[in-house]
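Written below as structure tokens is the structure these notes are about.
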Amino acid sequence: MDLHADHKLVTLTKEICEGLITKAPLSRLDTVDSCEFLVPTSKNMSLNGVEMIKKALITGITGQDGSHLTEHLLGLGYEVHGIVRRVALEDPDNRFRRISHLLDKVHLHAASLESYPSIFSVISRHEVDECYHLAAQSFVAESFSDGFSTMNVNINGTHYLLAALKELRQHCRFYFAGSSEMFGKVRETPQRETTPFHPRSPYGISKVAGFELTRNYREAYGMFCASGLLFNHEGPRRGFEFVTRKITNTAARIKLGLASELRLGNLDAKRDWGHAADYVRAMHLMLQQPQPDDFIVATGESHTVREFCERAFGELELDYRDYVVVDDRFYRPAEVDQLVGDASKAREILNWRPTYSFEELVTEMVQSDLEANSRTLT
Ligand code: NAP
Ligand code: GDD
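In the numbering used here, the protein residues as written are 2 to 379.
As structure tokens, then:
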């Protein structure tokens with residue numbers, strides 16, 4: 002059977018099968034005391050009154066992308082399951098802050114990306130149709146400080162998930178969170194799906210390995226495994242350690258008199274910055290295709306860190322040059338100087354386009370940080 006077809010195999014009771022066989026445009030495969038049908042996976046279906054609700058499993062559900070993806074999938078009618086660390090369950094106010102408004106709508110399961118049995122156990126207990134593997138040590142600078150943990154979580158964690166799905170749920174569609182960091186010292190501009198990889202950090206190397214594992218499971222076992230090669234995407238839920246949020250949050254604090262300077266590293270690095278809410282739509286679209294494939298997701302526009310500062314401080318009627326201090330501590334041992342993606346394949350095949358401009362992204366982040374910091378004053 003072609004596992005790539007845009008269908009999934011479902012098992013129905015005999016009574017429901019009998020009602021369906023003459024009515025539904027489905028392929029009947031088997032009838033013994035239950036029947037198996039191939040049904041389209043592109044949307045939730047109502048079959049003879051039985052709602053075929055799709056189930057998604059998200060690793061990294063507490064992160065920036067996990068929270069946006071959860072909202073998106075819930076809006077599409079999915080049942081959403083998430084893997085969280087046990088430490089997160091013990092510190093919900095802090096660790097679940099991005100999904101606090103969704104807690105009564107999702108199913109959370111404690112598991113560790115470092116433990117194959119814990120992942121195996123979650124997947125064995127829930128019949129998920131789609132798995133979005135977002136969890137990772139995602140901070141590039143940290144990967145230079147602790148390359149071993151980054152490799153362990155990002156490579157082995159991906160391998161454990163793929164191996165458990167192969168063992169238990171070969172029909173489950175798998176999304177891997179690849180990164181433009183894989184292009185590193187870029188060989189061509191803009192970067193396309195065919196651009197060779199040249200990662201410049203343990204993080205980038207771990208993502209190349211995860212990408213290759215994902216491709217290998219697709220080729221070796223015929224599983225529906227797709228990778229998104231996503232360029233930087235941000236928003237008000239971005240972690241404070243990443244440069245965009247560090248800039249918007251500190252600029253807001255300076256405006257309110259809560260800080261006096263912003264210490265940064267390389268101001269000349271160029272990034273292709275989009276909005277996370279736009280990018281999670283592309284993740285979902287990748288898993289609805291007839292065949293698994295890999296896609297660049299980017300805006301096609303690139304700006305320097307300096308331009309981001311100029312825009313963010315300008316939004317608050319401040320001049321960044323009065324506050325930004327270049328600090329060697331924030332330089333990286335090996336830098337990725339410039340990234341800009343060509344997302345024409347995603348545009349043509351997924352019909353995906355970003356809706357946020359660079360200016361709208363910066364404005365939203367600055368205003369959100371201004372509001373949040375103002376609240377701490379009252
Ligand atoms: P993020 O905000 O840093 O979230 C990372 C998530 O991974 C969190 O839920 C975190 O859980 C979880 N996690 C980290 N280490 C873990 C471990 N050892 N075991 C279990 N869970 C662990 O990252 P993001 O921006 O949403 O990015 C999502 C994915 O896309 C990542 O794989 C990232 O590398 C990739 N990516 C991001 C971008 C971007 O610009 N945002 C671009 C390309 C690719 P806790 O809450 O418990 O820490
Ligand atoms: N974080 C940080 N802090 N970056 C700084 C600073 C600083 O003080 N000063 C300058 N930069 C520069 C970095 O050297 C880098 O060139 C750029 O700002 C962006 O850094 P980050 O915001 O930390 O993001 P990143 O590009 O390294 O990685 C992000 O995007 C990748 C996709 O390209 C992360 O989200 C990765 O997980 C993701 O894969």
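Even glycine gets a Cβ: it sits at the ideal position worked out from N, Cα and C. A quick note: this is a predicted structure, and the numbers were derived from the prediction, not measured.
Quiz item: Out of curiosity, what's the CA-to-CA distance linking Asn233 and Leu286?
Solution: 19 Å
Quiz prompt | Buried or exposed by the 16-neighbour rule on C-beta atoms within 10 Å, applied to Gln138 | solution = buried
Quiz prompt | Between the CA atoms of Ser150 and Leu231 - distance to the nearest angstrom | solution = 22 Å
Quiz item: Could you name the residues, in chain order, whose CB is less than 5 Å away from a heavy atom belonging to the ligand GDD?
Solution: Ser139, Val141, Ser180, Ser181, Glu182, Asn233, Phe243, Val244, Leu265, Gly266, Asn267, Ala270, Val306, Phe331
Quiz item: What do you reckon, are the CB atoms on Glu128 and Lys56 nearer than 8 Å?
Solution: yes
Exercise. Determine the burial state of Arg238: buried for a count of at least 16 other Cβ atoms within 10 Å of its Cβ, exposed for fewer.
Key: buried
Quiz item: Beta-carbon separation of Phe145 and Glu242 under 8 Å?
Solution: no
Quiz item: According to DSSP, is Lys56 helix, strand or coil?
Solution: strand
Quiz item: Counting pairs of Cβ atoms below 8 Å between the stretch 209-229 and the stretch 262-272, do you hit three or more?
Solution: no
Self-check item: Helix, strand or coil at Glu361 according to DSSP, with G and I counted as helix
Solution: helix
Practice problem: Taking only the alpha-carbon atoms, compute the straight-line gap between Gly64 and Ala136 and give it to the nearest angstrom. | Solution: 8 Å
Exercise. Reducing DSSP to helix, strand and coil, say where Gln368 ends up.
Key: helix
Quiz prompt | Of the residues Pro334, Phe359, Ser369, the one placed nearest Tyr204, counting alpha carbons only | solution = Pro334
Quiz item: Between Thr305 and the rest of its own chain, which residues show a CB-CB distance below 6 Å, the 5 nearest in sequence each way excluded?
Solution: Asp269, Lys271
Practice problem: Compute the beta-carbon to beta-carbon distance between Thr249 and Asp370, rounded to the nearest angstrom, for a pair I have assumed lies under 8 Å. | Solution: 5 Å
Quiz item: Are Leu166 and Ile206 closer than 8 Å when you measure CB to CB?
Solution: no
Quiz item: Secondary structure at Val33, three-state DSSP: helix, strand or coil?
Solution: Residue confidence for Val33 is low, a pLDDT of 33 falling below 50, so the modelled location carries little weight and cannot support an answer.
Exercise. Check Arg282 in the structure and name its three-state DSSP category.
Key: helix
Quiz item: According to DSSP, is Phe177 helix, strand or coil?
Solution: strand
Quiz prompt | Contact between the stretch 214-229 and the stretch 194-201 (3+ Cβ pairs under 8 Å) | solution = no
Quiz item: For Ser345, which residues from the same chain have a beta carbon less than 6 Å from its beta carbon, with the 5 sequence-adjacent residues on both sides left out?
Solution: none
Quiz item: Does DSSP put Tyr133 in a helix, a strand or coil?
Solution: strand
Quiz item: Is Gly83 near Leu109, with beta carbons less than 8 Å apart?
Solution: yes
Quiz prompt | Delimiting residues of the alpha helix (DSSP H) encompassing Ser116 | solution = Careful: Ser116 lies outside any alpha helix (DSSP H) and carries neither H nor E.
Quiz item: Hey, would you say the C-beta of Thr159 is under 7 Å away from at least one heavy atom of the ligand NAP?
Solution: no
Quiz item: Between the C-alpha atoms of Met366 and Phe184, what's the straight-line distance to the nearest angstrom?
Solution: 27 Å
Quiz item: How is Phe309 classed by DSSP in three states: helix, strand or coil?
Solution: helix
Exercise. On the DSSP bridge assignment, give the partners of Val327 in chain order.
Key: Leu265
Quiz item: Would you call Asn352 buried or exposed, if buried means 16 or more other Cβ atoms sit within 10 Å of its Cβ?
Solution: exposed
Exercise. From the DSSP output, read off the bridge partner residues of Asp295.
Key: Ser228
Exercise. Please name the residue, chosen from Leu317, Asn217, Asp279, Leu162, that lies closest to Gly61 on a Cα-to-Cα basis.
Key: Leu162
Quiz item: Looking only at its own chain, which residues have a Cβ that is under 7 Å from the Cβ of Leu214, when we skip the five neighbours before and after it?
Solution: Thr159, His160, Leu163
Self-check item: Neighbour-count burial assignment, Ser116, 16 or more Cβ in a 10 Å radius
Solution: exposed
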